[in-house]
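For the sequence shown, the working numbering gives the first residue as 7, with consecutive numbering after it.
Beta carbons are placed, not taken as given, at the ideal position from N, Cα and C, and that holds for glycine.
Fair warning: this is a prediction, and the values are worked out from it, not measured in the lab.
Take a look at the structure below.
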Amino acid sequence: MLVLGLQGSPRKKGNTRFLLDRFLEVSRDFGARTITVDTDKRNILPCRELTACERKGFCPIKDDLKDEIYSQIQEADVIVAATPVFFYNMTAQLKALIDRCQVFWARKYRFKLKEPGIGQRRGYLLSVGASRGKQLFEAIELSTRYFFDAVSAKYEGCLTYRGMENAGDLAAHPSVEKEVRQAVEKVVKPLVNRKRIIFACRENACRSQMAAALARYLGGDKIDAMSGGSEPAEKVNPIMQAAMAEKQIDLAFAQTRSLGDAIETHHPEMIVTMGCGEACPVIPGVKIEDWDLPDPADQPEHVMRKVRDEIEIRVKSLIKHI
Ligand SMILES: Cc1cc2nc3c(=O)[nH]c(=O)nc-3n(C[C@H](O)[C@H](O)[C@H](O)COP(=O)(O)O)c2cc1C
7 MLVLGLQGSP RKKGNTRFLL DRFLEVSRDF GARTITVDTD KRNILPCREL
57 TACERKGFCP IKDDLKDEIY SQIQEADVIV AATPVFFYNM TAQLKALIDR
107 CQVFWARKYR FKLKEPGIGQ RRGYLLSVGA SRGKQLFEAI ELSTRYFFDA
157 VSAKYEGCLT YRGMENAGDL AAHPSVEKEV RQAVEKVVKP LVNRKRIIFA
207 CRENACRSQM AAALARYLGG DKIDAMSGGS EPAEKVNPIM QAAMAEKQID
257 LAFAQTRSLG DAIETHHPEM IVTMGCGEAC PVIPGVKIED WDLPDPADQP
307 EHVMRKVRDE IEIRVKSLIK HI
């Protein structure tokens, strides 16, 4: 259960940072995992309209989006965009990140692919401005709504504060704590009580990736899925990505993760292994189920498809019995 905060203010100890930090702290109190992307500190290059995303489905610009942030967006259950008002809009730092998400727009609308988390991903906006203008947040809200649509997050609303000029102003606001808690209760809390399941295989490149994505896609309202591998490969398998794209499920930005890391971050209630024989993990209190499926790595495409379809059948049955 990942809440991803996109922090747009360049100011140290600023109002936006305070607001997002509180939102994420309360999310953690409810049991969510959180990541903050500090846009001002990251290497995020603006879109150069090379149009590769619309023609080929990927962005050739090499920066932190490509290496890390695209994958965090793909993994997120809740995306929180947080920004001060700069000239009646969001900051350039956050806007640069958003423009580069045109790749998600292209994969969704040009290539007709779907994010595995599409059924439950939510988006929320936090913003602050110094003046009290009636239309102060209108441009930001409109841009953010379109951004959330591109990354397949349902817009859940916003918390905005006028009259916040100096760093520290918002911390002194009388009702901010209560309002943040109410927002987190509405947006984050309903997603926390899903069953936490890890799908595991050796390399986390094929079987467990497909299983976790299908569990998210088909049963994300019941299952909070993550995957991991006992000996994770450097990258996921491109034949697996293509096989999932045939089902319209997009794993373009999926990355591998070690099983140890998955267990530490996800605190699973159940682990489903894809075939581990004697080496099945044993964790007190955690249910282990072994599906014993063949490893499709280095096999022809039809083997990958067969394993994918078998996984789909088993995931559907798992969802039914949860
Ligand atoms: C370049 C710049 C442009 C700004 N434009 C606006 C504006 O159009 N309307 C407004 O109400 N405040 C404007 N502000 C004020 C900030 O929104 C305000 O100080 C806010 O509290 C900063 O948030 P932060 O502490 O999170 O950085 C601007 C500030 C800067 C630095």
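Identity of the residues DSSP links to residue i by a beta bridge
i           : result
residue 13  : 44, 88
residue 264 : 235
residue 207 : 235
residue 8   : 39
residue 278 : 205, 295
residue 167 : 134
residue 255 : 120
residue 304 : According to DSSP, residue 304 bridges with nothing at all.
residue 230 : 202
Proximal residues to residue i (C-beta, below 8 Å), its chain only, five neighbours per side dropped
i           : result
residue 186 : 25, 28, 29, 32, 165
residue 50  : 69, 70, 71, 75, 99, 102, 103, 106
residue 171 : 136
residue 321 : 217, 220, 221, 224, 225
residue 118 : 254
residue 197 : 7, 38, 83, 84, 126, 128, 230
residue 227 : 125, 126, 200
residue 54  : 67
residue 319 : none
residue 167 : 21, 25, 133, 134, 135, 176, 179, 182
8 Å contact criterion, which residue i and residue j should meet: CB distance rounded
i           : j           : result
residue 260 : residue 242 : 5 Å
residue 123 : residue 70  : About 21 Å separates the two Cβ atoms, so there is no contact after all.
residue 41  : residue 96  : Going by Cβ atoms, the distance from residue 41 to residue 96 rounds to 19 Å, so no, they are not a contact pair.
residue 5   : residue 8   : What the structure shows of the chain is the stretch from 7 to 328, and residue 5 is not part of that stretch, so it cannot be assessed.
residue 292 : residue 276 : 7 Å
residue 210 : residue 235 : 3 Å
residue 112 : residue 63  : 6 Å
residue 153 : residue 87  : 7 Å
residue 180 : residue 133 : No, residue 180 and residue 133 are not in contact; Cβ-Cβ is about 19 Å, not under 8 Å.
residue 129 : residue 85  : 5 Å
residue 249 : residue 202 : Residue 249 to residue 202, Cβ: 26 Å. No contact.
residue 157 : residue 79  : 6 Å
residue 59  : residue 108 : 5 Å
residue 294 : residue 287 : 6 Å
Contacts around residue i, its chain only, beta-carbon distance under 6 Å, and the 5 residues preceding and following it disregarded
i           : result
residue 205 : 214, 217, 218, 233, 278
residue 150 : 87, 131
residue 239 : 209, 211, 262
residue 298 : 281
residue 329 : Nothing can be reported for residue 329, as the shown portion of the chain is limited to 7 through 328.
residue 252 : none
residue 110 : 156, 157
residue 94  : 145
Nonlocal neighbours in the same chain, by C-beta distance under 7 Å from residue i, ignoring five residues either side
i           : result
residue 282 : 296
residue 303 : 209, 211, 212, 243
residue 190 : 29, 32, 33, 36
residue 267 : 234
residue 274 : 202, 203, 204, 292
residue 161 : 129, 151, 154
Checklist entry - Where are the alpha helix (DSSP H) runs, 4 residues long or more, that stay fully inside the segment 88-164, in chain order? => result 98-106, 108-111, 144-156
Item to check | Secondary structure, beta strand (DSSP E): runs of 3+ residues fully inside the segment 176-200 | outcome: none
Next on the checklist: Please give me, in chain order, every unbroken run of the alpha helix (DSSP H) with length at least 4 that falls completely inside the segment 14-81.
Outcome noted: 21-35, 58-62, 76-81
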